[in-house]
Structures are given as C-alpha cells and as structure tokens.
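Visitor:
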C-alpha cells in the first residue's frame with residue numbers, strides 16, 4: 018500500500034532540535050528557529066543538537082519579565098484558569114512506549130503516525146483511556162538526509178499527487194480530531210502546498226496543529242483562508258532526552274500558559290518524558306486546566 022517515499026535511506030533517529038522554547042510567533046515578535054521533529058523508530062539514544070538564535074537562558078529571561086504573580090500551591094479551581102494541552106506524537110511505532118504514554122492520566126492528545134502498524138487498534142486504546150486523537154502526517158523536511166517515512170507529502174508534486182498522498186494518510190485512521198505535521202519544514206513553508214492540505218481538512222472538518230518545525234511555516238495563513246481550526250505548538254518538551262531538561266520545559270510551559278492564557282506542548286513516547294509527565298500532571302491540575310488540543314482550538 019506504499020505510494021511514495023522521499024528517499025530510500027533508513028529513517029534517522031533525531032529528536033526535535035531546539036535549545037529554546039517558543040511563544041506562538043503569530044502573537045509575538047520573537048521569531049525563533051527550530052529543527053525537524055525526528056522519527057523515533059526504536060532507539061531514542063541518538064540526539065542531534067543544534068544551536069538556535071536565542072539560547073534557553075536568554076529566552077527564559079524574556080518570559081520571566083512578563084510572568085504574572087501567582088499564588089503558588091493554591092488550588093485555583095473555580096477561576097478562569099490557564100489551559101494546557103499536552104500532545105504526544107510519533108505514537109504507534111514503538112508499541113510498548115506507546116502503551117506507556119496512553120496510560121498517562123487523561124485528557125492528553127495522542128498523535129499517531131500514519132504509517133504505524135495496527136494504528137487503529139492502538140488509537141482505540143488511547144480513546145478508551147480518555148485521550149483525544151490526532152493523526153501525525155509525514156511532510157517533507159528541508160534536509161535531504163532525513164527520511165520522514167513512506168507516503169510523505171512533497172511540496173514539488175502536482176496537486177493531484179499531493180491529494181493522493183494526503184488522502185492515503187488521512188484514511189489510515191478514523192474518529193480523530195485533526196492532524197499535525199511530522200517534520201515538514203520544507204512542506205509547511207510552501208503556501209500553495211499548504212492550501213491543498215487545508216482545503217481537504219476543511220472538507221473533513223479536521224483541525225491543524227502546526228508542530229512548527231520552521232519559523233517560515235505558512236500553516237496559519239492557509240488555515241485562515243479555508244477557515245480551518247488552527248493551533249501552534251509552543252514548546253517541545255524533550256528536545257533533549259534528559260529528565261532534568263524535560264522537567265524544566267514543563268516549568269516553562271506553565272509560564273507560557275500564564276502569559277497567554279493557554280499553552281501547547283509536544284512530547285514523544287520516551288521513558289524520561291513519560292516519567293516526568295506522570296508526576297507532573299496531577300500537581301499541575303491544581304492550578305491549570307489540562308485539556309485536549311481541540312479545546313484550545315475552540316477557545317481561541
């Protein structure tokens with residue numbers, strides 16, 4: 018059933034490459050650059066680092082400058098509280114880690130990569146657990162040495178071929194709320210290609226979560242033209258697969274949520290990420306509403 022692949026190289030294990038956190042660039046003049054969201058096949062031990070325009074420490078100062086005062090530790094239930102959506106993507110390839118992610122306290126948003134085996138069975142487990150489902154669609158990266166997997170959306174193809182590939186991906190799963198891009202720095206920066214995607218999503222009543230693998234993404238423009246519900250990833254939790262770093266990113270996530278009223282994080286099915294979230298979720302619910310990505314899309 019494979020239609021196309023970008024190249025025949027073995028997929029590379031590559032974590033999301035960034036040393037900074039991201040406020041939605043469409044509400045901020047701080048324009049950052051991040052790297053590709055990689056393919057976690059089996060081994061997560063290889064993490065390729067990359068410098069970004071603003072270091073984590075400097076960007077932390079930028080956020081702290083606007084940090085409103087809060088009553089630390091106080092249960093703020095009953096108030097209009099900041100909303101946080103946690104998206105776990107690249108699900109379905111490693112079934113053991115996928116199941117561990119599914120077992121996290123709901124409601125989270127689980128994004129299954131379209132070419133995963135037994136994708137519908139795995140997604141149904143997540144749905145029964147109380148999570149909402151996204152489809153993780155492979156899109157063309159800037160780098161020619163990274164293989165995003167089969168049936169990747171390529172920006173240089175004619176519209177009918179992009180649609181054939183897109184529809185193959187969309188039909189691998191059912192009962193999901195929308196899609197987010199797997200890799201896609203080249204594809205999402207191509208407005209004409211993104212218009213093709215958004216037109217199809219509109220017809221299927223699906224939302225688009227921009228994983229924001231490039232600051233040049235045109236996702237928000239195309240989504241606006243076709244009135245597709247659109248949201249953007251604010252932060253990657255596990256750009257470094259280290260427990261200490263992930264916990265710090267979770268703290269940063271709260272700061273972003275307080276700043277703009279909501280925040281969306283993307284993480285991956287990794288042991289450190291799952292461990293950090295398991296202890297973080299219950300405590301965070303005392304002051305924040307943990308919601309699905311759809312709830313944030315509907316509230317904006």
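Numbering (this note's numbering), first residue to last: 18 to 317. Quick reminder that beta carbons are idealized off the backbone N, C-alpha and C, glycines included. The model shown is predicted, which means the values in this text are computed figures rather than measured ones.
What's the gap between the Cα of residue 121 and the Cα of residue 159?
Guide: As a first step, residue 121 is located in the chain shown; it is residue number 104 there, counting from the start. As a first step, residue 159 is located in the chain shown; it is residue number 142 there, counting from the start. Straight-line Cα distance between these residues: approximately 33 Å.
Visitor: Residues bridged to residue 199 by DSSP?
Guide: Numbered from 1 along the chain shown, position 182 holds the residue referred to as residue 199. Residue 199 is bridged to 155.
Visitor: Helix or strand or just coil, what does DSSP make of residue 128?
Guide: For this step, residue 128 is matched to residue 111 along the chain shown. It is a strand residue.
Visitor: From 260, 272 and 307, pick the residue whose C-alpha is nearest to that of residue 289; which is it?
Guide: Taking the first residue of the chain shown as 1, we reach residue 289 at position 272. Nearest option by C-alpha distance: 260.
Visitor: Can you tell me which of 143, 230, 235 and 206 puts its alpha carbon nearest to the alpha carbon of residue 191?
Guide: Counting from one through the chain shown, the residue named residue 191 turns up at place 174. When only C-alpha atoms are compared, the closest one is 143.
Visitor: Please list, in chain order, all residues of the same chain as residue 229 whose beta carbon is under 6 Å from its beta carbon, the five residues on each side excluded.
Guide: Within the chain shown, residue 229 is the residue found at index 212, counting from 1. So the qualifying residues of the chain are 249 and 250.
Visitor: For the candidate residues 187, 231, 205 and 202, whose alpha-carbon lies nearest to that of residue 219?
Guide: As a first step, residue 219 is located in the chain shown; it is residue number 202 there, counting from the start. That would be 187, whose Cα lies nearest to the Cα of residue 219.
Visitor: Out of 233, 231 and 246, state which residue places its alpha-carbon closest to the alpha-carbon of residue 215.
Guide: Your numbering for residue 215 matches position 198 in the chain shown. The residue with the shortest Cα to Cα distance from residue 215 is 246.
Visitor: Residue 234 and residue 206: beta carbons closer than 7 Å?
Guide: Indexing the chain shown from 1 puts residue 234 at position 217. Indexing the chain shown from 1 puts residue 206 at position 189. Yes.
Visitor: Where does residue 369 fall in DSSP's three states?
Guide: The requested residue 369 does not occur in the structure, where the chain is confined to residues 18 to 317.
Visitor: Which two residues bound the contiguous beta strand (DSSP E) that contains residue 100?
Guide: The residue given as residue 100 occupies position 83 in the chain shown. Start and end: 100-108.
Visitor: According to DSSP, simplified to helix, strand and coil, what is residue 284?
Guide: Numbered from its first residue, the chain shown carries residue 284 at position 267. Strand, per DSSP.
Visitor: Would you mind working out which of 180, 267 and 292 sits nearest residue 280, comparing C-alpha positions?
Guide: Sequence index remark: in the chain shown, residue 280 carries index 263 (1-based). For residue 280, the nearest C-alpha among the options comes from 267.
Visitor: Just the C-alpha distance for residue 189 and residue 156, rounded to the nearest angstrom, thanks.
Guide: Mapped onto the chain shown, residue 189 falls at position 172. Mapped onto the chain shown, residue 156 falls at position 139. Their Cα atoms are separated by approximately 16 Å.
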